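In our numbering, the protein residues as written are 191 to 466.
Built from N, CA and C at the ideal position, the CB exists for glycine as well.
Model, not experiment: these values are computed from the prediction.
Take a look at the structure set out below.
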């Protein structure tokens with residue numbers, strides 16, 4: 191492990207490379223089979239702009255209303271299903287505006303050659319009604335091989351309305367509040383450019399996944415917000431976080447058991463509880 195830390199006020203600039211396997215004593219083989227690094231030597235920003243061969247699936251064409259009031263959950267789901275079932279190259283477009291919505295599941299496998307692209311240019315606002323979240327996630331990406339989530343938009347978890355329900359400091363059996371973004375069983379994915387603000391729980395949770403790149407993200411929550419970890423990585427292989435700013439109320443990056451080949455480089459951490 192190599193760590194280089196420079197402290198300035200409440201910020202920590204960390205250049206760190208991890209090869210981590212916390213389950214070595216529990217299992218003699220990795221929980222995920224090693225896969226080819228599909229991003230080695232590639233330009234991660236190549237999908238920032240739509241290619242002529244892509245078909246655009248605009249959420250506005252599926253009934254979304256960017257007024258910050260009306261619920262857009264169904265419109266977003268319909269857009270994803272149409273894009274995922276398309277046999278060519280597909281891009282889900284979320285134009286500028288404010289979109290209120292509850293829990294969303296973007297599930298694969300998809301029919302196209304991939305990667306399927308989600309371009310976020312607007313501000314997505316999580317519903318404040320905590321009873322709507324049957325699972326501990328707001329945006330769930332699941333069972334997808336080839337995914338890009340990019341753009342200058344924001345995932346606003348509106349966590350301030352839910353933090354009062356967090357009693358994990360005093361209750362070992364507490365219920366985890368929803369993560370803003372969760373990747374489960376996802377391979378070959380890029381998260382790039384967007385902001386995650388005020389998540390109810392963990393901002394970005396990566397589990398059972400491999401070949402994931404997170405770059406140029408802004409992950410933000412007040413220093414006193416409870417359990418708003420920036421990035422959690424669990425049972426995943428070959429995850430790289432770089433050029434990212436994380437300012438939260440808990441761990442900037444947490445690596446849980448079963449994670450291997452984790453690389454962290456040029457991450458600004460603070461306020462927060464560091465990287466572990």
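Asked	Found
Touch test, the region 393 to 412 against the region 355 to 364, Cβ-Cβ under 8 Å, three pairs minimum	no
C-alpha gap between residue 273 and residue 306, whole angstroms	8 Å
Collapsed DSSP secondary structure at residue 469 in the structure displayed	Because the chain is modelled from 191 through 466, residue 469 falls outside the range shown and cannot be assessed.
Helix, strand or coil at residue 427 according to DSSP, with G and I counted as helix	strand
Range covered by the beta strand (DSSP E) that runs through residue 375	369 to 382
3 or more residues per run - each beta strand (DSSP E) lying fully within the region 382 to 458	385 to 387, 394 to 397, 400 to 405, 408 to 410, 421 to 424, 427 to 437, 443 to 445
Sequence ranges, beta strand (DSSP E) only - wholly within the region 269 to 301, length at least 3	280 to 284, 288 to 291, 294 to 297
Beta-carbon proximity of residue 387 to residue 367, cut-off 8 Å	no
Span of the beta strand (DSSP E) around residue 328	327 to 340
Alpha-carbon to alpha-carbon, residue 451 and residue 425	11 Å
Reduced DSSP secondary structure (H/G/I, E/B, other) of residue 316	strand
Beta-carbon proximity check, residue 295 vs residue 332, cutoff 8 Å	yes
Segment contact flag, the region 401 to 420 with the region 432 to 443, C-beta cutoff 8 Å, min 3 pairs	yes
Classification of residue 258 by the beta-carbon crowding that lies within 10 angstroms, buried from 16 upward	exposed
Contact set for residue 427: own chain, Cβ-Cβ below 6 Å, skip 5 residues either direction	222, 400, 450, 451
For residue 349, the three-state DSSP class (helix, strand or coil)	helix
Nearest neighbour of residue 365, chosen from 250, 391, 455, 381 [CA to CA]	391
Inter-residue CB distance, residue 370 and residue 342 (contact presumed, cutoff 8 Å)	Not confirmed; about 17 Å, so no contact.
Residue 334 beta carbon less than 8 Å from that of residue 299	yes
8 Å Cβ cutoff met for residue 268 and residue 290	no
Residues of its chain near residue 219, where Cβ-Cβ distance is below 6 Å and the 5 sequence neighbours each way are ignored	Here the model assigns residue 219 a pLDDT of 41, short of 50, so the residue's position is not dependable, and the following value carries that caveat. Cβ neighbours of residue 219 beyond the five flanking positions: none.
Residue 231 burial status per 10 Å Cβ neighbour count (16 or more: buried)	exposed
Cutoff 8 Å: residue 360 Cβ touching any chain D Cβ	The displayed structure is made up of one protein chain only, and chain D is not part of it.
Spatial neighbours of residue 255 in its chain, beta-carbon cut-off 7 Å, leaving aside the 5 residues before and after	262
Candidates 270, 248, 228, 297, of which the one nearest residue 286 by Cα	248
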